[in-house]
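Structure first, commentary second.
There are 2 protein chains.
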Amino acid sequence: MPTEQFVDQAGATTPAESPSSTLSHRPLSTDERAELTPDSIMQLGLGFWGSKTLLSAVELGVFTELAKGPLDAESLRMRLGLHPRSARDFFDALVALGLLEREDGCYGNTHQGDLFLDRAKPSYVGGLLEMANARLFRNWANLTRGLKSGEPQNELSQAEDSFAELYAKPARLKQFLSAMTGISMGAARALAQLFPWESFTTFLDVGGAQGCVSVQLALAHPHLTGGEFDLPVVGPIFEEYVQSFGLGERLRFRAGSFFEHPLPNADVIVMGHILHDWDLEQKQTLINKAHAALPSGGALIVYEAVIDDDRRRNAFGLMMSLNMLIETKGGFDFTGADCRGWMHEAGFKETRVEPLCGADSMVIGLK
Amino acid sequence: MPTEQFVDQAGATTPAESPSSTLSHRPLSTDERAELTPDSIMQLGLGFWGSKTLLSAVELGVFTELAKGPLDAESLRMRLGLHPRSARDFFDALVALGLLEREDGCYGNTHQGDLFLDRAKPSYVGGLLEMANARLFRNWANLTRGLKSGEPQNELSQAEDSFAELYAKPARLKQFLSAMTGISMGAARALAQLFPWESFTTFLDVGGAQGCVSVQLALAHPHLTGGEFDLPVVGPIFEEYVQSFGLGERLRFRAGSFFEHPLPNADVIVMGHILHDWDLEQKQTLINKAHAALPSGGALIVYEAVIDDDRRRNAFGLMMSLNMLIETKGGFDFTGADCRGWMHEAGFKETRVEPLCGADSMVIGLK
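Protein chains in written order, with the working numbering: chain A, 1 to 367; chain B, 1001 to 1367.
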């Protein structure tokens, strides 16, 4: 499948054990050299073709249109306003990538695409892809410059505070918050299943954006009440999202800044894709604030694309850290061992790392 | 592996048979829906991260530096002139992507990277990746605009003749020709093995760029003589490349334009990644010219990322056609059946399609 490289950490190559390492000090025989092809290198180097084909399909609303019913190539082309020259190649490329089905000349969604890429469904997670299409793809074109300078390479790179800037424009804010739902959905569903929620009654999702985690936890565990702590401007967007699930009674928005204010108390505090936005000192500040807001026996759950301790398997986590270079002034991703160390320094008694979904794991700290 | 989606055509999903099709008219059960995750969609959508990480590594000369010997992170960072902030994440991401090895804190090339991505080796195929990094990645950012307009989305889009423009600047020309070697090497090696060359004595590679195919054929078959037909400006670059393999005696450059002049005679005429650059009428003109230049019993070999006849497996070929939208005025890729049909119309007696390597196949026409 296309994305094994990122998803299946265990399946990733472990070069130290690889027979093809130039570090193994064993030169290849002529036959072995003859068998080498550049094919997989070429394919990865052009892998952005598949990404951008999907991103353009989301931008154009292909999956939203097909959710209304299958269409033949010409009808779909007209519906999307595409030129005849390449429309069919575009649709068939989406079929070959496993993103669309085609039967008797009619195109339709896969069940996966129908559930997650139809803008009309609450399960839509395309926000992240919309942001990747509108911002990240172009920003990543400047990766080399970022690696040389250590400076962000996005439209916010001149701003004093990237997030204040990002949150300043309502349209961009909503896209970003919806994007966070996209990147959190898989982990949020796993989080609802894999943590012993029966032993706790309240939770607080810190910097929870649209409210993806709060909603998934409330849907899975009727005994839980809680909510989210985020900047005031996020409030209305959270309320709207929560209401769409009819969970307004149990989920409450708490307005504030996690650097300027203390965190509200809760049995369990969740920080998802928050710590990686900030530099080391800021990360430690947030972990200390969580510790202060928890009761004895309470838990802090940090979930991210946590990098494997040996830093050689979770390619997605390592590249998410490069994305933090592109997008933030000092952010970086980290290993489970890094995060457990920071938690112990903050006074947490027990810590452990558990895989969630895809490249995401959670680091749990018990006070 | 990262790129199976493009490489293993047989392994690609065949949606018509897929149980997860919305076209199968069977709604999913609640349990089936609950098991769906957006993970693979998210990973593909962000797949450009892995591409650009490799492209920046080629741009920075990571593999060329490490070909001189393994280096620790700090030495490699200094050698490449990278900022400390993200250098280690960058190197370890390359390890996790299987592009570098790491042992005892020292980074080294894989044998594959050492052979194909070290600029100092004649087997270097990074030219395509340099072009992808310098041009295609940014041009593909405008894919949606191209799909709507049907117009090229590159820096040549205003030019009357893209290739005249592309060939006008020596640096860009050399990068492009070297890129063609990158994309042709795997297929060229397979072509040398899989065609019955023993039955023929002369060949002509039409539009052969740097000379990749001519060199691979001459290396594998000492009885063959031949060469390449391309625009005059390509001559010196071909000669230099051929001389680097000491094949100047058997490989000759023939200067000309395949639209303005007839093709020189040869037992076998090869056109690799040529036909897809042009519109239907131009494609047929080139096939007719090849037929005219061949003796009875001679062969035309067209090799490209030939699309499977059902247009649902070769994602790479279908997206190569989108790349022709981005890069050319009327070019498009095609199926084996399309090409065999054009060959029969031109008078070829027998035609067949044979897989070469990765997404590439050859269409053979016998006169």
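Glycine residues also receive a C-beta, built at the ideal position from the N, C-alpha and C atoms.
Fair warning: this is a prediction, and the values are worked out from it, not measured in the lab.
> Going along chain A, which residues have a C-beta under 8 Å from N1323 (chain B)?
Replying inline: Residue mapping note: residue 1323 (chain B) aligns to position 323 of the second sequence, counting from 1. In chain order: W49.
> Mapping DSSP to helix, strand and coil, what is D1205 (chain B)?
Replying inline: One-based indexing of the second sequence puts residue 1205 (chain B) at position 205. Of the three classes helix, strand and coil, the one that applies to D1205 (chain B) here is strand, per DSSP.
> In the DSSP assignment, what residue or residues form a beta bridge with P1070 (chain B)?
Replying inline: In the second sequence, residue 1070 (chain B) corresponds to position 70, counting from 1. Answer is none; P1070 (chain B) lacks a bridge partner.
> What residue range is occupied by the uninterrupted alpha helix (DSSP H) comprising L100 (chain A)?
Replying inline: The residue you call residue 100 (chain A) lines up with position 100 of the first sequence. Here L100 (chain A) belongs to no alpha helix (DSSP H); instead the beta strand (DSSP E) covers 100-103.
>> Can you tell me whether F259 (chain A) is buried or exposed? The criterion is at least 16 other CB atoms within 10 Å of its CB, across all chains shown.
In response: To locate residue 259 (chain A), count along the first sequence from 1; it is residue 259. F259 (chain A) comes out exposed.
>> Within a Cβ cutoff of 6 Å, which residues of the same chain sit near P1002 (chain B), ignoring the five residues on either side of it in sequence?
In response: To locate residue 1002 (chain B), count along the second sequence from 1; it is residue 2. In this prediction, P1002 (chain B) scores a pLDDT of 37, lower than 50, which makes its location untrustworthy; no coordinate-derived value is stated.
>> Using beta carbons (cut-off 9 Å, strictly below), is G272 (chain A) in contact with chain B?
In response: If you number the first sequence from 1, residue 272 (chain A) lands on position 272. So no, G272 (chain A) is outside the interface.
> Which class does Y1124 (chain B) belong to by DSSP, given the choice of helix, strand or coil?
Replying inline: As a position in the second sequence, residue 1124 (chain B) is number 124, starting the count at 1. DSSP places Y1124 (chain B) in coil when its eight states are reduced to three.
>> I want to verify the contact list: residues of chain B whose CB lies under 8 Å from the CB of L36 (chain A), in sequence order.
In response: Sequence index remark: in the first sequence, residue 36 (chain A) carries index 36 (1-based). The contacting residues are H1111, Q1112, L1115, F1116.
>> Output needed in chain order: residues of the segment 120-141 of chain A with a Cβ under 7 Å from some Cβ in chain B.
In response: V125, L128, L129, A132, F137, R138, W140, A141
> Whose C-beta lies closer than 8 Å to the C-beta of R1172 (chain B) among residues of the same chain, with five residues either side of it excluded?
Replying inline: Along the second sequence, one-based indexing puts residue 1172 (chain B) at 172. For R1172 (chain B), where only same-chain residues beyond five positions count, the Cβ hits under 8 Å are L1166.
>> Let me see if you follow: with CB-CB separation under 9 Å, is S1227 (chain B) close to chain A or not?
In response: For the purposes of this step, residue 1227 (chain B) is taken as the residue at position 227 of the second sequence. Here residue 1227 (chain B) is Gly; the residue named in the question, Ser, does not match the sequence. So no, G1227 (chain B) is outside the interface.
>> Short of 7 Å in beta carbon distance, which residues of its chain neighbour V233 (chain A), apart from the five on each side in sequence? Order them along the chain.
In response: Within the first sequence, numbered from 1, the residue matching residue 233 (chain A) stands at position 233. Same-chain partners within the cutoff: Y167, L173.
> Using a C-beta to C-beta distance shorter than 7 Å, which residues of chain B count as neighbours of F195 (chain A)?
Replying inline: Reading the first sequence from its first residue, position 195 is the one you call residue 195 (chain A). Here the premise fails: no neighbours, minimum Cβ distance about 18 Å.
>> Please report the distance separating the alpha-carbon of I364 (chain A) from that of G105 (chain A).
In response: Within the first sequence, residue 364 (chain A) is the residue found at index 364, counting from 1. Within the first sequence, residue 105 (chain A) is the residue found at index 105, counting from 1. About 50 Å.
>> Between which two residues does the alpha helix (DSSP H) holding R1340 (chain B) run?
In response: Position 340 of the second sequence holds residue 1340 (chain B). Where R1340 (chain B) is concerned, the enclosing alpha helix (DSSP H) stretches over 1336-1346.
> Going along chain A in order, which residues have a C-beta closer than 7 Å to the C-beta of H1083 (chain B)?
Replying inline: Locating residue 1083 (chain B) in the second sequence gives position 83, where the first residue counts as 1. Result: L147, K148, S149, G150.
>> Under 8 Å: does the beta carbon of W49 (chain A) sit that close to some heavy atom of the ligand SAM?
In response: Of ligands this structure carries none, so the ligand SAM is not represented either.
>> Let's test the definition: count the other Cβ atoms within 10 Å of the Cβ of W342 (chain A) and tell me whether it reaches 16, buried, or not, exposed.
In response: Start at 1 with the first residue of the first sequence, and residue 342 (chain A) comes out as number 342. Buried, because 16 or more other Cβ atoms sit within 10 Å of the Cβ of W342 (chain A).
>> Closest to L1366 (chain B) by C-alpha separation, out of B:R1079, B:G1227, B:A1266, B:H1223, would be which residue?
In response: As a first step, residue 1366 (chain B) must be located in the second sequence, where it is residue number 366. For L1366 (chain B), the nearest C-alpha among the options comes from B:A1266.
> Is there at least one Cβ from chain A nearer than 9 Å to Q1043 (chain B)'s Cβ?
Replying inline: By one-based count along the second sequence, residue 1043 (chain B) stands at place 43. So, interface residue.
>> Please report whether the beta-carbon of T64 (chain A) lies at a distance below 9 Å from any beta-carbon of chain B.
In response: In the first sequence, residue 64 (chain A) corresponds to position 64, counting from 1. No, its Cβ sits nowhere closer than 9 Å to a Cβ of chain B.
>> Starting from T285 (chain A), trace the alpha helix (DSSP H) in both directions and tell me its first and last residue.
In response: For the purposes of this step, residue 285 (chain A) is identified with residue 285 of the first sequence, where counting begins at 1. Element bounds for T285 (chain A): 280-293.
>> Quick check: what's the CA-CA separation for G1226 (chain B) versus N1142 (chain B)?
In response: Within the second sequence, the letter at position 226 stands for residue 1226 (chain B). Within the second sequence, the letter at position 142 stands for residue 1142 (chain B). About 41 Å.
> Out of curiosity, what's the CA-to-CA distance linking S321 (chain A) and S178 (chain A)?
Replying inline: Locating residue 321 (chain A) in the first sequence gives position 321, counting from the first residue. Locating residue 178 (chain A) in the first sequence gives position 178, counting from the first residue. Straight-line Cα distance between these residues: approximately 21 Å.
> Are the CB atoms of T1328 (chain B) and M319 (chain A) nearer to each other than 9 Å?
Replying inline: Within the second sequence, numbered from 1, the residue matching residue 1328 (chain B) stands at position 328. Within the first sequence, numbered from 1, the residue matching residue 319 (chain A) stands at position 319. For T1328 (chain B) and M319 (chain A), no; Cβs fall outside 9 Å.
> Using 8 Å as the threshold, is the segment 241-256 of chain A in touch with the segment 188-197 of chain A, meaning 3 or more CB pairs across them?
Replying inline: no
> By DSSP, does Y1167 (chain B) sit in helix, in strand, or in coil?
Replying inline: Here residue 1167 (chain B) is taken as the residue at index 167 of the second sequence, counted from 1. DSSP places Y1167 (chain B) in helix when its eight states are reduced to three.
> Given a threshold of 16 other Cβ atoms within 10 Å of its Cβ, counted over all protein chains shown, does H223 (chain A) qualify as buried or as exposed?
Replying inline: Numbered from 1 along the first sequence, position 223 holds the residue referred to as residue 223 (chain A). Exposed, by the Cβ-count rule.
> R254 (chain A) by DSSP, collapsed to three states: which one?
Replying inline: Position 254 of the first sequence, counted from the start, is the residue given in the question as residue 254 (chain A). The answer is strand: DSSP assigns R254 (chain A) an E or B state.
> If you run the structure through DSSP and keep just helix, strand and coil, what is A12 (chain A)?
Replying inline: Position 12 of the first sequence, counted from the first residue, corresponds to residue 12 (chain A). A caution first: A12 (chain A) carries a pLDDT of 33, below 50, which makes its placement in the model unreliable, though a value can still be read off. DSSP places A12 (chain A) in coil when its eight states are reduced to three.
>> Quick check on V1306 (chain B): does DSSP put it in helix, strand or coil?
In response: In the second sequence, residue 1306 (chain B) corresponds to position 306, counting from 1. Here V1306 (chain B) sits in coil by DSSP.
>> Between which residues of its own chain and G108 (chain A) is the CB-CB distance below 6 Å, once the five residues before and five after are set aside?
In response: Within the first sequence, numbered from 1, the residue matching residue 108 (chain A) stands at position 108. Hits under 6 Å: L66, P70, E101.
> Using 8 Å as the threshold, is the segment 337-351 of chain A in touch with the segment 1111-1124 of chain B, meaning 3 or more CB pairs across them?
Replying inline: no
> What first and last residue would you give for the beta strand (DSSP E) that runs through N109 (chain A)?
Replying inline: What you label residue 109 (chain A) is simply residue 109 of the first sequence in a count that begins at 1. Run containing N109 (chain A): 106-109, per the beta strand (DSSP E) assignment.
> Using the beta-carbon count (16 or more within 10 Å), is E1228 (chain B) buried or exposed?
Replying inline: Taking the first residue of the second sequence as 1, we reach residue 1228 (chain B) at position 228. By the neighbour-count rule (16 or more Cβ atoms within 10 Å), E1228 (chain B) is buried.
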